[in-house]
Structure formats: structure tokens, C-alpha cells
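Below is one structure, written out as C-alpha cells, with a few remarks after it.
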Amino acid sequence: MFRYIITPLLFCCFISHAMADDILLQEDHPDRYVVVKGDTLWAISGKFLKDPWQWPKVWKMNKDEIKNPHRIYPGDVVVLDTSSGSPQLRLLHETVTLSPGAIEEPLEKQAIPVIMPSTIAPFLNQPLVIEKDELTTSPVILAGPDNRVAFVDGNKIYTSEIEQSEGYLWHIYRPGKVLVDPDSREALGIEATYLGDARITKYGDPTVGEIFRSKEEIFKDDKLIKMSDNLMTSFVPRAPETLVKGRIMTIYGGLAEAGNNTIVSINKGKKDGLEEGHVLSINRAGSFVNRNPKQKTTDERFPMKELRFTDTEPTEKAPGKEKIKESGTPDKTIKKDPTMVQLPSERIGLLMIFRTFDRVSYGLIMQATQPINVLDITQTP
142 MFRYIITPLL FCCFISHAMA DDILLQEDHP DRYVVVKGDT LWAISGKFLK DPWQWPKVWK
202 MNKDEIKNPH RIYPGDVVVL DTSSGSPQLR LLHETVTLSP GAIEEPLEKQ AIPVIMPSTI
262 APFLNQPLVI EKDELTTSPV ILAGPDNRVA FVDGNKIYTS EIEQSEGYLW HIYRPGKVLV
322 DPDSREALGI EATYLGDARI TKYGDPTVGE IFRSKEEIFK DDKLIKMSDN LMTSFVPRAP
382 ETLVKGRIMT IYGGLAEAGN NTIVSINKGK KDGLEEGHVL SINRAGSFVN RNPKQKTTDE
442 RFPMKELRFT DTEPTEKAPG KEKIKESGTP DKTIKKDPTM VQLPSERIGL LMIFRTFDRV
502 SYGLIMQATQ PINVLDITQT P
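Pasting the structure below:
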């Protein structure tokens, strides 16, 4: 079972003057905040910082502390002190005064998460992207004991050979669409459709297994992949240390547009330096404008919508009728015009990475000022 742990606050850390210039506090930030059940690190960060992903810079967290963060619990108090001229944050833990003769017993508390677990939990332990090599070497379901072709919870299955050293817990998946890099057009992996889980009951050729969880019907020729036991569930929201620039490839659920709390995939992964917890800005490419605009007449600036004759040649569709066009129709070749210049891109959202593969990552949109589209740019903020 996964535990969802949030990033720490380090006690009595000071922000240098140089750091203070970089860290922007919210104008209406509180002086102190009591952590309550249901809080997330991202929400608490946003109460103090304009850029919530800058927590590690505020607390001067090193790499070891980022990989193995402390925990924050309901009842803890985050305090902001600016009396010295430089912002200072510290964490006060909840204290309980016991009456005489009372016995102190440890309270069971769960550390608050970075983001709501229910939003990303199904994506943390399920196969999302299958590498080409994995696809060719994955065990496959061969049959059932009674020649059935569809399987559900509790059904026995026979698979191609699995070695005992490979483990006994396996995901069942079906290869989906190929993920193609929108820039290079290179295949980055195959998106997997998660079907369920199985445990191995007898190794050999064939191997015997039992399905103990099924999301939908499972069929002969569906494939298996070993459950991962080293998934990152404790991470700190932060910016990548290097410049990473990619694009949104897909929006989960086949949606045309994405907004807050929507899951998307991007065309960058571990090999590009991305890690769980990295935050990327989402940018929209700027439009094209004329670099040398000509002075327009009033009629050109405010074109009339009336139709006007351009010639009196008969047309094929309407013999004997004049060809007409609408005044003010835009030129469709404008982007090819060398006199045009593209305006700078603008930030329209923030994305937190929570699952990485070699060349693909999945992230949750944390902020969106307008609808997010496939091919929007993602980069180090």
C-alpha cells in the first residue's frame, strides 16, 4: 500500500537577501497557518508563495532532503516571520498538555500529501508506457482451463513461461496507441491499457496464475508486466535543474482540452532529466504579426461586410453569374510571409510531473489560466 508523503519544512531556515529577491510572497499571505486534514503541500505553498514550486529554494533543501523529505501533519503550524527584514519560515508542531495521571499514547496521523492522492493514485502503480523491448518480451496469456477466451476476478490463467526470480505479482495490460514525438515524429513508446492484476501460483512452462483484480474483461493474448516496487510516492515540487523543453502529447481521457487537475503526457522523460515532483510551465506559442505594418485607410481598418463584384466571368457552379468575394477575407498564406514575426509565447499554466519513463512523462495540471491543448509547450519555469 502506498503512503503519500509531502515535502518537509526545515526548521528555522533563513532566506538570504539574494534569495528573497527571487522568491515572491503572496500579497495577502498569512503570518501563520495551521495545517488541517485535507490540506496539500501545493495549496499551503500557494498561501505564502506566488510560485508554489519554489519551496526547496525557500528552505534551502539539498538533494538528499528532496529525495527523503520529512513529513508535515495536521496540527502543525507554518509561521512566517519578517521582523528581521528577511522572510523566515519555521514549523511548529502541535503540542498536547496532559492532565495529571494521564497516559500518553501516540496518535495515528497521516502526513498530508503534495497533491490529492485520489487524483493520481491509479496512475502510480499501473503500467502507462511500454518500451518496444518490453512489448516483445512480455509474458502473454495463453488460455484458461476450460478454453474460455475472456477472464475476470478469480479466474485461472495459463501464461508463457515466467521465472520465479521475476516475482509473483504482475499487471495485465493491452498495447494501445503508439506515442509519437510531435517534434521529431519518432515513436517514444506504446501507451498501455491497464486491465487488471494477477498473482503467479505455479512457475513453469506454461506458468499458472490467478486474476485477483480486473478493471475490464481480459482476453487471450493480453500481456503481463511485473509490478514495480520502487515507484516514487514521496516527492517535492521543484523546478528542474536544467532547461527542459517539450510538448503536451496527449490529454488523459481523450479530452480536446485540459484544465486544472487534468492528467497529460509530455514528450520528455528520465533521459531528459525529468523526475517526479518537477514542475514545468505550460506556454502557448505567440501569434504572427507584420513586422512592418503599413498605414491603413479607414476602409481597410474597418472593412465592410458587403459583397462586391470582382469580375463578370461566368463560373462553373453558377453559369452566367458573376464571381464574388467577401471584402476583408484574410490571406491564408500569411504565415509564409517573411515580413511576419512571431510574438513571444505566454505562460498559461503549471504542470507537476508525477510519473516518469525513459522518454515520456505524465503530469497533473496544477494551474490553468485558459484551456490547455495538445502541442502546447512545456518547459522549465
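All residue numbers for the sequence shown refer to my numbering, where the first residue is 142 and numbers rise by one. Each residue gets a CB set at the ideal place from its N, CA and C atoms; glycine is no exception.
Assuming contact is defined by CB atoms lying nearer than 8 Å, are residue i and residue j in contact in what I supplied?
i, j, result
"V293", "S369", "no"
"V430", "G504", "no"
"K364", "P280", "yes"
"T348", "E382", "no"
"H170", "L233", "no"
"P485", "G418", "no"
"V420", "P197", "no"
"V385", "D346", "no"
"Y344", "Q267", "no"
"I489", "N402", "no"
From residue i to residue j, what distance separates their C-alpha atoms?
i, j, result
"I256", "D172", "23 Å"
"T519", "V177", "32 Å"
"I261", "I298", "30 Å"
"R388", "L269", "18 Å"
"G469", "K435", "Low confidence applies to G469: its pLDDT is 35, below 50, so where it sits in the model is not reliable, and the reading given next is rough at best. Going from the Cα of G469 to the Cα of K435 covers about 16 Å."
"C274", "R231", "Note that residue 274 corresponds to Asp in the displayed sequence, not to Cys. So the alpha carbons of these two residues sit roughly 49 Å apart."
"E304", "R340", "13 Å"
"P263", "G394", "13 Å"
"E398", "N288", "43 Å"
"A161", "F189", "Confidence in A161 is poor, its pLDDT being 39 and thus under 50, which makes the residue's placement too unreliable to answer from."
"N433", "T277", "56 Å"
"S259", "V482", "44 Å"
"E467", "S186", "The predicted position of E467 is uncertain, since its pLDDT is 35 and thus under 50; no value can be drawn from it."
"P193", "M493", "11 Å"
"R500", "E416", "12 Å"
"S502", "N296", "33 Å"
Based on DSSP bridge pairs, tell me the residues matched to residue i.
i, result
"E351", "K297, R340"
"D169", "None, per the DSSP bridge assignment."
"M257", "Looking at the DSSP assignment, M257 forms no beta bridge with any residue, so it has no partner."
"F495", "According to DSSP, F495 bridges with nothing at all."
"F264", "None, per the DSSP bridge assignment."
"L233", "V218"
"F360", "A291"
"A184", "Answer is none; A184 lacks a bridge partner."
"R388", "I518"
"F376", "The partner list for F376 (beta bridge, DSSP) is empty, contrary to what the question assumes."
"F429", "Q483"
Buried or exposed for residue i, please, with buried defined as at least 16 other CB atoms from any protein chain shown within 10 angstroms of its CB.
i, result
"N408", "buried"
"D338", "buried"
"Q195", "buried"
"D472", "Only weak support exists for where D472 lies, its pLDDT of 42 falling under 50; the value from the coordinates is given anyway. Answer is exposed; the Cβ neighbour count stays below 16."
"F353", "exposed"
"E332", "buried"
"A291", "exposed"
"T451", "The pLDDT assigned to T451 is 42, lower than 50, so where the model puts this residue is not dependable, and the model offers no usable value."
"I506", "buried"
"A252", "buried"
"T391", "buried"
"T300", "buried"
Between which residues of its own chain and residue i is the CB-CB distance below 8 Å, once the five residues before and five after are set aside?
i, result
"K191", "L165, L166, Q167"
"K367", "E307, G308, L310, W311, H312"
"P460", "Bear in mind that the predicted position of P460 carries a pLDDT of just 43, short of 50, making it unreliable; the figure below should be weighed with that in mind. Closer than 8 Å at the Cβ level, and outside the excluded window around P460, lies no residue."
Between residue i and the rest of its own chain, which residues show a CB-CB distance below 6 Å, the 5 nearest in sequence each way excluded?
i, result
"P522", "A380, S422"
"E358", "A291"
Can you find the residues in the same chain that come closer than 7 Å, C-beta to C-beta, to residue i, ignoring five residues on each side of it along the sequence?
i, result
"F360", "V290, A291"
"A184", "none"
"S325", "none"
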